[in-house]
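Peer 1:
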Amino acid sequence: MLDSSAEGPPQHKETKTSLPLSFPLSLLPDEVALSCLARVPRSDYIALSLVSKKYRSLVCLPALYKKRSILGFTEDCFYICLSSGGYESSPVWLIFHREKRFMIPIPTLLPQLPRGSSVVVLDGKIYVIGGLSGTKHSSSDVFLLDCRSHTWHCVPSMSVPRSFSAAGVVDGKIYVIGGCRTIDLSLCYGEVFDPKTQTWETLVPITDHNTKKLFDYNHVYDESLVIEDKVYALHRARGVYYSPHEAKWELTENDVWRLRFQNHCCVMEKLLYGCDDYGDVFWCE
Numbered sequence: 001m002l003d004s005s006a007e008g009p010p011q012h013k014e015t016k017t018s019l020p021l022s023f024p025l026s027l028l029p030d031e032v033a034l035s036c037l038a039r040v041p042r043s044d045y046i047a048l049s050l051v052s053k054k055y056r057s058l059v060c061l062p063a064l065y066k067k068r069s070i071l072g073f074t075e076d077c078f079y080i081c082l083s084s085g086g087y088e089s090s091p092v093w094l095i096f097h098r099e100k101r102f103m104i105p106i107p108t109l110l111p112q113l114p115r116g117s118s119v120v121v122l123d124g125k126i127y128v129i130g131g132l133s134g135t136k137h138s139s140s141d142v143f144l145l146d147c148r149s150h151t152w153h154c155v156p157s158m159s160v161p162r163s164f165s166a167a168g169v170v171d172g173k174i175y176v177i178g179g180c181r182t183i184d185l186s187l188c189y190g191e192v193f194d195p196k197t198q199t200w201e202t203l204v205p206i207t208d209h210n211t212k213k214l215f216d217y218n219h220v221y222d223e224s225l226v227i228e229d230k231v232y233a234l235h236r237a238r239g240v241y242y243s244p245h246e247a248k249w250e251l252t253e254n255d256v257w258r259l260r261f262q263n264h265c266c267v268m269e270k271l272l273y274g275c276d277d278y279g280d281v282f283w284c285e
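Reminder that position 25 of the sequence shown reads as 25 in UniProt numbering, one-by-one numbering, no gaps.
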């Protein structure tokens, strides 16, 4: 007889492995982690950088922003610097989230922008050019804010000190116009900075009598614009422009400035916007 109660070979039962509800990006290969981070809004990178050193290093990698571009997740960020006091006061830097309509403070302590400095944006960096050093003297210093790591870096100084100058970017180079008075007039007109070579070059001088007369009269500017690859330097809607492609100076055409662009103007998506002292906004193509 067979004993039905005899024990047979042990049966192997399958066990289910419970996976964690969350899986830290730090445990993933960098390539996979970057692919995930590329889909996250840039405004959230500030919070991520505070989580750990690993996250902070990932959100600063150029490969992340290249991945965002490939995947079609590039976005523009609007930086705001607020100060309630003088030059010595510590400003508040914010990033405006356009979709959610709220401000995100930058935890890094960033300095105040010098009064009379010019600002341009190039390759994810904010360049701060010249301005007043203290209260009276112009400065030739140039700094940049890396918008990925939110750190400041020094840039080679200009050939002459400048404040209240006009500045714009054309073909990856930074053009600075006016904002100084020196004995050597050929240096006053402007200069161009090439980020690739980290060098400054003086622009060709103004030869037209009327253009030179207006430039010498103004020499400081309220606004600067780049339209059709021309850098405009304006003071109360009057001014000059420099064409890098033609290496020449011209007076601004009156029909371009028919709107009341007194103090505030900018170009967005090929449209020219202006705001007067009363808060009225104008635009033209």
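In this text, a Cβ means the ideal position worked out from N, Cα and C, and glycines have one as well.
1. Please say whether Gly-178 and His-219 have beta carbons closer to each other than 7 Å?
2. Restricting to Cα atoms, I'd like to know which of Ser-138, Ala-233 and Thr-207 is closest to Gly-130.
3. What is the DSSP secondary structure of His-97, counted as helix, strand or coil?
4. Please list the terminal residues of the continuous alpha helix (DSSP H) segment that includes Leu-58.
5. If you compare alpha carbons, which of Ser-159, Phe-193, Cys-180 and Val-155 is closest to Lys-173?
6. What does the Cβ neighbour count give for Pro-161, buried or exposed, with the cut at 16 atoms within 10 Å?
7. Which whole-angstrom value describes the C-beta separation of Pro-107 and Leu-50, a residue pair presumed to lie in contact below a C-beta threshold of 8 Å?
8. Taking 7 Å as the threshold (C-beta atoms), are His-97 and Ser-43 in contact?
9. Please go through the same chain and pick out, in chain order, the residues whose beta-carbon is closer than 6 Å to the beta-carbon of Val-120, but skip the five residues on each side of it.
10. Which value, in whole angstroms, describes the spacing of the CA atoms of Glu-269 and Asp-229?
11. Output yes or no for whether 7 Å exceeds the beta carbon distance between Ala-247 and Val-281.
12. Measure the CB-CB distance between Val-59 and Tyr-79 and report whether it falls below 7 Å.
13. Judging by CA-CA distance, which residue of Gly-124, Leu-225, Trp-283 and Ala-47 is the nearest neighbour of Asp-76?
14. State the CB to CB distance for the pair Thr-211 and Leu-251, rounded to an integer number of angstroms; the pair is presumed to be in contact (CB under 8 Å).
15. Output the residue ranges of the alpha helix (DSSP H) runs that lie fully inside the stretch 186–247 and measure 4 residues or longer, sorted by chain position.
16. Between Leu-71, Gly-239, Ser-243 and His-235, which lies nearest to Ile-227 when the distance is taken from Cα to Cα?
17. Can you tell me which of Val-92, Cys-154, Leu-132 and Glu-31 puts its alpha carbon nearest to the alpha carbon of Ser-118?
18. Bridge partners for Phe-102 per DSSP, in chain order?
19. Buried or exposed for Asp-171, going by 16 or more other Cβ atoms inside 10 Å?
20. In whole angstroms, what is the alpha-carbon distance linking Val-40 and Ser-52?
21. So, helix, strand or coil for Cys-275, using DSSP?
22. Among Ser-165, Pro-156 and Leu-113, which one has its Cα closest to the Cα of Thr-197?
23. Going by beta-carbon coordinates alone, are Ala-38 and Lys-67 separated by less than 7 Å?
24. Could you tell me the alpha carbon to alpha carbon distance between Cys-188 and Thr-199, rounded to whole angstroms?
Peer 2: Result, derived from the coordinates:
1. yes
2. Of the residues Ser-138, Ala-233 and Thr-207, the one whose Cα lies closest to the Cα of Gly-130 is Ser-138.
3. strand
4. 53–58
5. Phe-193
6. buried
7. Going by Cβ atoms, the distance from Pro-107 to Leu-50 rounds to 7 Å, so yes, they are a contact pair.
8. Their beta carbons are under 7 Å apart, which means Ser-43 touches His-97 by this criterion.
9. Tyr-127, Ala-167, Val-169 and Ile-174
10. Each residue's Cα considered, the two are about 14 Å apart.
11. no
12. no
13. Comparing Cα-Cα distances from Asp-76 to each of Gly-124, Leu-225, Trp-283 and Ala-47, the minimum goes to Gly-124.
14. 5 Å
15. 209–218
16. Checked all of Leu-71, Gly-239, Ser-243 and His-235; the closest Cα to Ile-227 is Ser-243.
17. Leu-132
18. DSSP, once it has assigned bridges, lists His-97 as partnering Phe-102.
19. Sixteen is the threshold: since fewer than 16 other Cβ atoms of the shown chains lie within 10 Å of the Cβ of Asp-171, the residue is exposed.
20. 17 Å
21. strand
22. Considering only alpha carbons, the answer is Pro-156.
23. yes
24. 17 Å
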